[in-house]
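Some notes on the structure that comes next.
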Amino acid sequence: MRVDRGSFSRVSNAGGPQGHRPVTAAALLLSLVLGACGGGSGTGSSGAGTSAGVSGSTGASALATGNTATASDSTASADGAVAAAAAAVTTGTGSVALMAPGTANQPRPTTVGDAVRLADQGSFGPTEASIVDIQAKGASAWLISQMIMPQASHYTSGGDGTIHQTTKEGVAFCEGREPDCWRDRFSAEPLLWDFYRNAVKKPDQLRQRVAFALQQILVINNTDVQGTYGFRNYYNTFLDNAFGNYRDVLRKVTLSPIMGDFLNNVNNLAEAPNENYARELLQLFSIGPCKLNADGSLVNGQCEATYSNETVRNYAYALTGWTFPAGGSNGYGCFPGGTNCRYYGGDMVPVARYHDNQPRALLSNVTLPAGHTASDALEKVLDSVMNHPNIAPFIAKRLIQHLVSSNPTPAYVQRVATAFRTGRYGDFGRDHTGDLDATVAAVLLDSEARGETVSRNAGKLREPVLMFTGVLRALNGQTDGDALSWWWGKRLRQHMFRPPSVFNYFPPNNPVAGTDLNGPEFAIHEASTALERLNFLTYLIEWEGSSPNPAIPNATGTTIDLSPFMVDINDSTKLVDRFSTLLLGRPLQGAARTSVIDAVAWWNLDRAGVNWQKCRVKSAVYMILASPQYQVQR
Amino acid sequence: MMKPHTHHHAHSAAPASLDRRRWLQRSGAGLATALGAGTVGNLLLGAKPAHAADYKALVCIFLYGGNDGMNTIVPTDAGRYNQYAAVRKGLALPRESLVNLSGINYGLHPALAGLAPAWRDGTLAPVFNVGTQTRPMSKAEYRASIGIAGALPDNLFSHSDQQTQWEAGTSSSFTRTGWGGRASEALNTVNPVISVGGSTRFGQTDQQSPLVLPAHPGETFGAQLLMPQDMTWQPRIDRKAILEQLYAQSQDLALAEAYGKVQHNAFVVSERLTNLVKIAPGSPGASAVIDAAFAPIMSGSSITTELGNQLYQVAKLIYGNATVQGSRQIFFTQMDNFDTHAGQVITGSPTEGNHARLLKELGDALGCFNTAMKNLGLGDAVTAFTQSDFGRTFVPNTTNGTDHGWGSHHLVVGGAVKGGTSYGLYPDLTLGGQNDIGVESWEMHGRWLPSTSMEQYAGTLLGWFGVNDTQARQILPNLARYGVTKLGFV
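Sequence order for the protein chains is A and B. Counting in our numbering, the first sequence runs from 167 upward without gaps. Counting in our numbering, the second sequence runs from 653 upward without gaps.
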């Protein structure tokens, strides 16, 4: 399995046994004969009609229009305080220090800059409405509201367990079935649709972000295993437990039958156990291979191994003796004897005769006495890793890297690690090691994540998935995920649910050339993907995305709605600053701001015909989205 | 785990950056130059390209996941073959199925039939039992080193660590640069390492990432509406200029500046190479010689395997040297999925299965590439070599597969290779013997203590490439601990 560099596409795996539809057929482009903005000849013809109407409304109602598109993810009330803040956002002159009313116990007001930053860290990206909401509540109250709201996001799409309930021998399940059988019943594509729809629209944003982080630590992929209902069960674990406890997450992952297939721990027999899961459990899912101080630094500045080959072997033995849950059948029987046939509809179940019950020494002074059961052994395995001094800094650092910053200071890591270890951060947490409420609160409320002063080493490169969702949310967009799958997901090397291996799309440690810094997301950012980032923006903004593909259930295509911004087209400065506020939380830096304003102002009726207004909006938003200030979140 | 690189392992100094300032100046000139002497028009069908007289290219083929060397090349003398078959059991390749390597008592996995012509030409050499290592050590020394930080390569059986170390050319998982990158710096090459296999630490230097180009011939490589041919309309001109301004501006975040540099570099490189990258088999500008050499793995005008596509791209870039420029070039390609814990073979049919499929892709693509280089008259100028995380256990597991090992066997192919014989020391196949690191009964699985280090292997390749002994020891810090620094296979 390739570790260190991105989801390098392999033609042979594309689309599974049936082969995949060419991506261009799956995504029909709107405005293919370009409107005036995109046309190469620049004759200013009106071209294809625009899909978004022009709004002549005032600032307040422009915001309301924006609210309509994103109402479901904002709990902003309609009170005067919010409206005042809203007006400030939409008519902002680029000033950062907007004073939001906030709640009574908010120590200091949340600025626009901080609200945008928090939206990038704890949601799939800001919208004009969500900025208002975060400013009104303040970071802590926003966090609370996200943690207590009912779970809205689940994976529900795709086929069921009948794929593993056949009686015919030697006949592929999809033979003679509908053309999209593999896609709908075996692949993770239906989850991809759910993922993107939820990410752009559903209000439980933080839950989804935490789940997205967890699935990049506890990795499986659709290139090596298949079974849509199995994937649903696996990935729902992260959504369900995002605010629970990491120990429970580890237990569910260990007992997941699809993980059992992915890392060979299902039907893993005591006589000669396969070490794959045991090794990755230690190396990637819990403690890591080198001893860590509480702040995540290497003990004695070098790698002192946390485990030996013998330890891995002991864990492999300890984890033997699990089989699929009952419910599966096939035409030739279940092997080896005494196990269940492949079935992903539940947790794995123990098979005593295949479980090694010899005394085994695990880590953290945890031992297995002779005669233990598979279930006993599992709890002891979990005890041993949850009690290991490494797990808190190891998981703390991963979560910080997925939510906030690639280069946290050791002190920041230590504060988050303490929250993980004690299960408590301020009022958050239930005082058990591994509490995710406490840990996530520590990550997002820490002064390194908040605060007006940001170190030069802060931030992280927006990974492709977060760029897709960020742009769509900010621009009142919608998607059914189709265009972000085999097309843009693959091109940008982050195809949801298809990381190249258990080591995810990019490794946690990736040196950024020309700096002393770490940048995991830079591992999939090179000459080709650099240009494809721009091509994605061109596709979505200039070409206006994709119209619905009838092969997708409840298709919507992938589009944005720029109409709320049309109200500001007569003032290029205002337009540019409005986008900057929304997307960057502050003005575009340096001399480029003036260049962008001038380039936006270039468009007029003579040069571009009746579409000149839309061209202004498109050109402003494109350039701000393309800026390093946007692409590297703060 | 990630810490600013202020501490070094006791056993390995960080490799020095050679001539850094000169390299920065030179590489800036090389990359910033527009098309220069070469254009698509120069790449006439069949014409021998005008290369510098001493042009040399190294082509790395990284086999991610840990290739099972023990089934890649198998001893064929009765004694050792029987030992092999007895241990490998259901995974043992039948002796008669092996591709015979005349003159030596070994045969290749039947799926590597594509390399048989290279053996006949004397341009293929196996190198046995190569692995990461801090210094030469016996089994007793290895056992005594377990648990002592820095005495052994970091995390020997971990994919991520071993991949990093093979790419970095050190036994530390914290080295930020790659030996391909450092060698390019040392020789002041015009281009950094060129990868058609995605990003890779192998090509990284402190200041520069490898140049990553699309893996597939015909792929578009450019920013739409922003390419040179689009610069005829004011809005496009403005947009391009503004993007360049944004990329060149200083930023308050270091990562944002790094981002800007990658973006700017992408523009420069795509303008120079986009036409060359787009050339596909049979399209204008394609080399008939290269196309003919890859015909065995084409279907219509498409190449049918991933590695085949990558090596076609490399062949094209070597052929198109007038555009690519430079007299020394390192390339990086890769395959994945070699981590055959399960399904390495099909029960009852060991010549089939996942490993066979992977080796067929490797052997066929590499065979075609080698033919292309030979027929272009560039055989002596191009040397391809494999790398991999580690080998695999000699003893199989219960899921028709093998687990993580250490030393493994590698293949080197090219006109300059002194083929027809083997290099390195094939391990003693006794479980728990002098080459098997296992001592307890439960760990005698045939994980081989390497008899050749990764550095000796890389050092041999670099010596041919033009790196001198002093430079080699700086690029590969552990090399200084070895008496033999060049193995003689090229």
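Idealized CB from N, CA, C, for every residue including glycine. As the structure is a prediction and not an experimental result, all values here were calculated from the model.
Cβ-based neighbour list, V929(B), same chain, cut-off 7 Å, excluding 5 preceding and 5 following: Cβ neighbours of V929(B) beyond the five flanking positions: L865, P866, E871 and F873.
Rounded separation between K784(A) and A918(B) - CA only: Rounded to whole angstroms, the gap between the alpha carbons of K784(A) and A918(B) is 23 Å.
Per DSSP, cross-strand counterpart(s) of A1104(B): The residue you asked about is not Ala; residue 1104(B) is Thr in the sequence shown. Bridge partners of T1104(B): V782(B).
Cut-off 7 Å between Cβ atoms - residues of its own chain near R747(B), not counting five sequence neighbours on either side: For R747(B), where only same-chain residues beyond five positions count, the Cβ hits under 7 Å are T728 and Y733.
Beta-carbon gap between A460(A) and Q317(A) smaller than 8 Å: With a cutoff of 8 Å on beta-carbon distance, A460(A) and Q317(A) are scored as not near each other.
D414(A) versus A967(B): straight-line alpha-carbon distance, rounded: A straight-line Cα-Cα distance of about 52 Å links D414(A) and A967(B).
Cut-off 7 Å between Cβ atoms - residues of its own chain near M315(A), not counting five sequence neighbours on either side: Result list for M315(A): P369 and D370, in chain order.
Which of helix, strand or coil DSSP assigns to P887(B): Note: P887(B) maps to helix in three-state DSSP.
Through-space distance from Y794(B) to P933(B), alpha-carbon basis: If I take the Cα positions, the gap works out to 50 Å.
Below-8 Å beta-carbon distance, M265(A) vs any chain B residue: Model confidence at M265(A) stands at a pLDDT of 34, short of 50, so the residue's coordinates are unreliable and nothing is read from them.
Sequence-distant residues of its chain with Cβ nearer than 6 Å to N496(A) (five each side left out): If we look at N496(A) and ignore the five residues flanking it on each side, its Cβ neighbours are T332 and C507.
CB contact check: L728(A) to chain B, cutoff 8 Å: It does not: the Cβ of L728(A) has no partner Cβ on chain B nearer than 8 Å.
Against chain B: residues of the region 688-705 of chain A by CB proximity under 9 Å: Under the 9 Å Cβ criterion, the region 688-705 of chain A contributes F688, A689, I690, H691, E692, A693, S694, T695, A696, L697, E698, R699, L700, N701, T704 and Y705.
Test: V845(B) CB closer than 8 Å to a CB of chain A: At a cut-off of 8 Å, the C-beta of V845(B) has no neighbouring C-beta in chain A.
Contact check, E446(A) vs V668(A), beta carbons under 8 Å: With respect to the 8 Å criterion, E446(A) and V668(A) are classified as neighbours on the basis of their beta carbons.
Extent of the continuous alpha helix (DSSP H) run through V1034(B): Element bounds for V1034(B): not the alpha helix (DSSP H) but the beta strand (DSSP E), V1034 to S1040.
Start-end ranges of the alpha helix (DSSP H) lying completely within the region 688-769 of chain B, minimum 4 residues: As far as the region 688-769 of chain B is concerned, its whole alpha helix (DSSP H) runs of at least 4 residues are 721-724 and 730-740.
Contact with chain A by H993(B), beta-carbon distance below 8 Å: So, interface residue.
Rounded straight-line distance, which links the Cα of N973(B) to that of L863(B): Rounded to whole angstroms, L863(B) to N973(B) spans 15 Å at the Cα level.
Proximity winner among P677(A), P292(A), T276(A) and Q660(A), relative to L750(A) (alpha-carbon distances): Closest by alpha carbon: P292(A).
Spatially closest choice to M1096(B) from P1102(B), G1085(B) and M1106(B), by CA coordinates: It is G1085(B).
Neighbour flag for C469(A) against chain B, beta carbons, 8 Å: Under the Cβ criterion of 8 Å, C469(A) is counted among the residues facing chain B.
Under 8 Å between C-beta atoms of P423(A) and M514(A): Taking C-beta atoms as the reference points, P423(A) and M514(A) count as a pair closer than 8 Å.
Short Cβ contact (8 Å threshold) for Y716(B) with M987(B): Yes, the pair counts as a contact, with Cβ atoms nearer than the cut-off.
Under the three-state DSSP convention, the category Y510(A) falls into: In this structure, DSSP gives Y510(A) a state outside helix and strand, which the three-state scheme calls coil.
Pairwise C-alpha distance: A444(A) and T1051(B): Cα-Cα distance, rounded: 15 Å.
Residues bridged to K1070(B) [DSSP beta-bridge criterion]: Looking at the DSSP assignment, K1070(B) forms no beta bridge with any residue, so it has no partner.
F798(A): contacting residues in chain B (beta-carbon distance under 7 Å): Reading the sequence as shown, one finds Val at residue 798(A) and not Phe. Neighbours of V798(A) on chain B, chain order: L905, L907, A908 and Y911.
Cross-strand partners of C456(A) (DSSP beta bridge): The partner list for C456(A) (beta bridge, DSSP) reads A471(A).
Separation of A906(B) from R673(B), as counted between CA atoms: Below a pLDDT of 50, predicted positions are generally treated as unreliable, and R673(B), at 39, falls in that range; the measurement from the model is reported next regardless. Separation of R673(B) and A906(B) (C-alpha to C-alpha, rounded to the nearest whole angstrom) is 21 Å.
Host alpha helix (DSSP H) of R980(B) (start-end): Per DSSP, R980(B) is not a residue of any alpha helix (DSSP H); the beta strand (DSSP E) it occupies stretches across R980 to M987.
Beta-bridge pairing of S495(A) - partner residues as DSSP gives them: Note: S495(A) sits in a beta bridge opposite Q331(A).
A252(A) to A305(A) span [Cα, whole Å]: Model confidence at A252(A) stands at a pLDDT of 36, short of 50, so the residue's coordinates are unreliable; what they give is reported in the following sentence. Rounded to whole angstroms, A252(A) to A305(A) spans 17 Å at the Cα level.
Proximity below 8 Å, CB of Q392(A) to CB of F352(A): Taking 8 Å as the Cβ cut-off, Q392(A) and F352(A) qualify as a contacting pair.
Close Cβ partners of Q970(B) (< 6 Å) along its chain, the five nearest in sequence each way excluded: Reading the sequence as shown, one finds Ile at residue 970(B) and not Gln. The answer, listed in chain order, is A709.
Collapsed DSSP secondary structure at V1136(B) in the structure displayed: In the three-state scheme derived from DSSP, where H, G and I count as helix and E and B as strand, V1136(B) is classed as coil.
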